[in-house]
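Inspection log for the structure reproduced underneath, given as structure tokens.
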Amino acid sequence: MTWFRKEKQPLVAQKRELAADVWEKCEGCGAALYVRKLEENDRVCPDCGHHFRISAREYLQLLFDDGFEEEFGESLRSADPLEFVDSKAYPERIEAAEARVGAHDAILAGAGHIDGRLVCGGIMEFGFIGGSMGSVVGEKIARLLDAAVERSAPALIVSASGGARMQEGIFSLMQLAKSATALHRLAAAGLPYISILTHPTTGGVTASFAMLGDVNLAEPGALVGFAGPRVIKETIRQDLPDAFQTAEFLEEHGMLDCIVARQDLKQTVSTLLAHMC
Amino acid sequence: MSDETRSGKAAGPEDSEPLSRYERVKLARHPDRPFTLDYIRILCSDWIELHGDRKFRDDPAIVGGWATLAGRSVMIIGHQKGRGMKENLLRNFGSPHPEGYRKAERLMQLAAKFGRPVVTLVDTQGAYPGIGAEERGQAEAIARNLQVMAGLPVPIVTVIIGEGGSGGALGIAVADRVLMLENAIYSVISPEGCAAILWRSRDRAEDAAEALKLTATDLAEFAVVDEVIREPNGGAHLDPDATALAVGSAVERHLDELVEFSGDELIERRREKFYAMGRWEDTASA
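If you read the sequences in order, they're chains A and B. Sequential numbering of the first sequence, starting at 0, is according to numbering that gives the first Met the number 0. Sequential numbering of the second sequence, starting at 0, is according to numbering that gives the first Met the number 0.
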């Protein structure tokens, strides 16, 4: 059937070229979306409400009046305490991720204003090794929470993470304890903490600061869980229920305060802070 | 590090080859190793087991209760594996559900209320990954324990007695002192799970165990563990009584030191301890 393949090949290539900068297919409803329209809509599908992934800097712009006025721990870089090598050495993975998304590791941390109110915030970057939490993420979270205590400001963390960073072994596990310890200090100071869970938030991040908000918010349709769906499926050898581990599933089971569409996030955070500050 | 700290020597006679990391993984999982209730039976008197999280049910994969250890009233909490298929089904092979962590949290608050120290024994392959566990908030239950332990105003001593499986272990291990048996392991992910993800084959678990550096000696070098407790020659399963006595005397020694501190001092020192756990480079100061 060589005549068939010959005809198809140039067509596919042509289609891809077009899609790259003008059209994007919605992962939710399959609609072809005009990229500029999608971006004007905070990368939420106008047809089905599917939330496309956005970067940490885009969340920063979305939530804060003028971004961060001050960054915390921006000069920190991951070390390689285990000298970890699998198919690639860990430092090579770090370098590749830095080249792709920037040198802020899997989180941006800083202080800025939300509707004129000082907030110490952290925004995770899923594009940096799956948003995994190693020593740098843990240290930046501790610094932003400590800064909130020093300034009597509320704290906010936007999560997007596959969990702990395996390549840092036990040190990555200890970041769960470290972040929870910092959160205890914030709570003891009577300061509010809002956690926003975005697609996807699983593993060690869910099992530490992401689930410890005074208020836990999530974007619609976000995957949120402790174990990943594949691990659960392999363990129990059954199919998983529909909508299992979505934000909607978690809200129904009492683990989230509310689900908030991206366009309403800033207003919701602002109103919540007015109630709690 | 105290004088009792030993580097990880071979579990066999002194002159034999040191064990590989994966051999220690196998020892840590040995079915005849003493489990939490064995330690309690050998070391404690006046044991009264307390059941249930007051919210959903009692999780037999975590046991806890009041006990007298070396003349001191303490709250002991630990993962509990089973012996044989019947007991293992009851104990879910030592993998807790959220209600296990919530029972542990309730018992820790009880200890704090009456000013008693908390001793936790860690031995789990991990918190259970299942539908019910997710529905009832496995992540939230573990996260809550981490924060509660960070603020608990009484001494906490943890001993990793077998498998220290990731968040499921840490959920009862944010302690003032973390001790570890010589052939126990403590890791962010099981060697098999790590191999499946990074090598795309569970058969590479030996390589993953080497890469993860999960033995007591490794963790003492990283200062994640405060003391390594020596096991009898051949491993804990060959002499549970001697193992338990070594664990008991180490715990007692650490509690003797910790009871001197006020609640606020304990919380502040615990914070400093966990804040120090992490390795990074600062390019600004380099």
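Where is the CB? At the ideal position from N, CA and C, for every residue including glycine.
C-alpha distance - residue i paired with residue j, whole-angstrom precision
i: A:D64; j: A:P153; result: 15 Å
i: A:C119; j: B:R269; result: 24 Å
i: A:A187; j: B:R101; result: 21 Å
i: A:L155; j: B:G233; result: 51 Å
i: A:E91; j: A:C44; result: 35 Å
i: A:F71; j: B:F55; result: 41 Å
i: B:K25; j: B:Q124; result: 12 Å
i: B:D215; j: B:L180; result: A small fix is needed here, since residue 215 of chain B is Ala in this sequence, not Asp. Distance between the alpha carbons of B:A215 and B:L180 is about 7 Å.
i: A:Q166; j: A:V84; result: 8 Å
i: A:N215; j: B:S189; result: 30 Å
i: A:L61; j: A:L196; result: 15 Å
i: B:Y21; j: B:A210; result: 11 Å
i: B:V62; j: B:A111; result: 18 Å
i: B:R278; j: A:A242; result: 38 Å
i: B:H236; j: A:A176; result: 31 Å
i: B:D263; j: B:A168; result: 25 Å
i: B:G192; j: B:A204; result: 8 Å
i: B:F34; j: B:L89; result: 15 Å
Cutoff 6 Å; reference residue i; Cβ partners in own chain excluding five residues on either side
i: B:A219; result: V227
i: A:Q174; result: M132 and G137
i: A:L249; result: V223 and L255
i: B:R135; result: P97
i: A:Q266; result: none
i: B:R32; result: G161, A235 and H236
i: A:G227; result: T201
Cβ-Cβ separation, residue j to residue i (assumed contact under 8 Å), whole Å
i: A:G162; j: A:V204; result: 6 Å
i: B:S200; j: B:A194; result: 6 Å
i: B:L106; j: B:I76; result: 6 Å
i: A:V157; j: A:M123; result: 6 Å
i: A:A179; j: A:F208; result: 7 Å
i: A:S160; j: A:G130; result: 4 Å
i: B:N91; j: B:A60; result: 5 Å
Chain A contact for residue i (CB, 8 Å cutoff)
i: B:I188; result: yes
i: B:E276; result: Correcting the residue identity first, residue 276 of chain B is Met in this sequence and not Glu. Yes, contact with chain A.
i: B:R281; result: According to the sequence shown, residue 281 of chain B is Asp rather than Arg. Output row for B:D281: interface = yes.
i: B:A210; result: yes
i: B:Q137; result: yes
i: B:E226; result: no
i: B:L120; result: no
i: B:S200; result: no
i: B:G161; result: no
i: B:Y21; result: no
i: B:P59; result: no
i: B:L265; result: no
i: B:V62; result: no
i: B:F273; result: yes
i: B:C193; result: yes
i: B:R268; result: no
i: B:L197; result: yes
i: B:Q108; result: no
i: B:S165; result: yes
i: B:I171; result: no
i: B:Q124; result: no
Cβ-based neighbour list, residue i, same chain, cut-off 8 Å, excluding 5 preceding and 5 following
i: A:K232; result: D238 and L239
i: A:C28; result: C44, D46, C47 and H49
i: A:R142; result: F71, G72 and A108
i: A:G168; result: P80, L81 and F83
Cβ of residue i within 8 Å of any chain B Cβ
i: A:P191; result: no
i: A:G121; result: no
i: A:V84; result: yes
i: A:P90; result: no
i: A:G224; result: yes
i: A:I231; result: yes
i: A:S27; result: In the sequence on display, residue 27 of chain A carries Gly and not Ser. Chain B, which has no Cβ nearer than 8 Å to the Cβ of A:G27, makes this no.
i: A:H274; result: no
i: A:L74; result: Checking the sequence shown, residue 74 of chain A turns out to be Ser, not Leu. Yes, contact with chain B.
Cut-off 7 Å between Cβ atoms - residues of its own chain near residue i, not counting five sequence neighbours on either side
i: B:G131; result: H96
i: A:E247; result: I258
i: B:R53; result: R105
i: A:F127; result: A96, V100, D104 and A105
i: B:M276; result: V223
Under 8 Å: do the segment 143 to 155 of chain B and the segment 111 to 121 of chain B share three or more Cβ pairs, one atom per stretch?
yes
Determine, using beta-carbon pairs with one atom in the segment 161 to 170 of chain B and one in the segment 178 to 186 of chain B, whether at least three such pairs fall under 8 Å.
yes
Contact the segment 249 to 267 of chain B vs the segment 43 to 54 of chain B: 3+ CB pairs below 8 Å:
no
Would you check if there are 3 or more beta carbon pairs closer than 8 Å linking the segment 170 to 184 of chain A to the segment 140 to 148 of chain B?
yes
For the segment 141 to 148 of chain A against the segment 104 to 114 of chain A, are there 3 or more C-beta pairs whose distance is under 8 Å?
yes
Inter-stretch contact at 8 Å, needing at least 3 Cβ pairs: the segment 35 to 46 of chain B / the segment 66 to 85 of chain B
yes
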